[in-house]
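Single-structure report; data block below.
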Amino acid sequence: MTMDMPPDDMHMLEVIDHVCLAIFSFEIAMKLVVYRLKFFKDGWNVFDLLVVGIALAPATGELSVLRALRVLRLMRLASAIPSMRRVINGMFAAIPGGGSVAAVLFVMYYVAAIMGTNFFGKTVPAHFGDLGTTFFTLFKMMTLEGWPDIAKDVLEFHPRAWIFFVVFIIFTTFTTLNLLFGIIVDAMEQAKESDARSKMAEQGIEMSEESNEMRLAIIEDDVKHIRVLLTEIAAAGKKSGQQ
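Just so you know, full-length UniProt numbering puts the end of the sequence shown at 243, numbered straight through with nothing missing.
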């Protein structure tokens with residue numbers, strides 16, 4: 001796309017690129033001077049240093065391939081905007097708990113894939129011909145995308161196969177995935193709470209018991225709202241399945 005741009009516009013973009021890179025480099029240099037070794041204790045600082053280092057890679061030679069990674073500079077918005085930073089911090093904080101849920105989900109997938117391949121592989125090879133195809137079919141079923149069509153093809157040969165579909169969707173879509181979403185939301189709330197505590201600590205303010213109760217009430221309201229949304233999503237999924 002940029003190759004079709006007029007030369008003047010290309011030159012202007014290059015100037016803006018160099019100016020932004022100079023500002024980022026100056027910011028990194030100042031942080032290194034001020035924080036010294038403490039600079040590397042913050043993961044966001046390390047990420048910024050990595051992005052700027054990639055942007056400084058030469059445009060020619062073996063390192064030229066790294067220039068394509070300059071698009072990562074857009075991720076600096078996450079470190080600059082507090083709300084985006086909290087979201088990403090919450091997602092990273094949810095990895096340990098989410099990993100356990102993902103492991104359980106994988107076990108369910110593997111068991112269901114073996115069963116589906118053995119039961120339906122010969123009659124419906126388009127959806128359950130081999131383990132890889134079955135995994136993809138199960139993924140589409142979990143996302144509720146076109147699963148009635150898959151079930152229709154299978155039920156023509158196996159009238160009682162509806163049990164397999166109902167059990168799989170209940171345990172993956174309506175149970176495991178909702179549990180994963182709950183872990184992520186809880187981690188984001190904790191990240192928001194931690195950020196608020198850090199700001200108050202910097203200002204020398206201690207949270208009182210009353211403020212804690214107020215925050216707890218707000219979190220409980222948010223959880224209730226999320227439960228209502230999940231119930232509506234589950235109802236919509238069941239409705240689409242019946243259609």
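Backbone N, C-alpha and C define an ideal beta-carbon position, used for all residues, glycine too.
Pairwise C-beta distances place the region 187-198 out of contact with the region 150-170, as fewer than three of them are shorter than 8 Å.
Distances from the alpha-carbon of leucine 49 to those of His18, Pro96, Ile28 and Arg215 put Ile28 closest.
Nearest in C-alpha terms to leucine 216, of all of Asp186, Val87 and Tyr110, is Asp186. Rounded to whole angstroms, the separation of the alpha carbons of alanine 161 and methionine 84 is 44 Å. By the criterion of at least three beta-carbon pairs nearer than 8 Å, the region 86-98 is not in contact with the region 113-125. An exposed status is given to methionine 30, since fewer than 16 other beta-carbon atoms sit within 10 Å of its beta-carbon. Taking each of Phe174, Glu189 and Ile218 in turn and checking the Cα distance to leucine 229, the smallest one comes out for Phe174. If you look at lysine 31, you'll find it in the alpha helix (DSSP H) that goes 7-35. For alanine 94, the secondary structure class from DSSP, reduced to helix, strand or coil, is coil. Exclusion of the five residues before and after asparagine 45 leaves Lys31 and Phe39 as the residues of its chain whose Cβ lies within less than 7 Å of its Cβ. Annotated as proximal: phenylalanine 119 and phenylalanine 164, with beta-carbon spacing under 9 Å. Where glycine 43 is concerned, the enclosing alpha helix (DSSP H) starts and stops at 43-55. Secondary structure note for isoleucine 170: its alpha helix (DSSP H) is the uninterrupted segment 162-171. The straight-line gap separating the alpha-carbon atoms of phenylalanine 139 and aspartate 222 is approximately 29 Å. Relative to isoleucine 233, the option among Ala103, Leu131 and Asn178 whose CA is nearest is Asn178.
As the crow flies, the alpha-carbon of alanine 102 is around 15 Å from that of threonine 143. For lysine 224, the secondary structure class from DSSP, reduced to helix, strand or coil, is helix.
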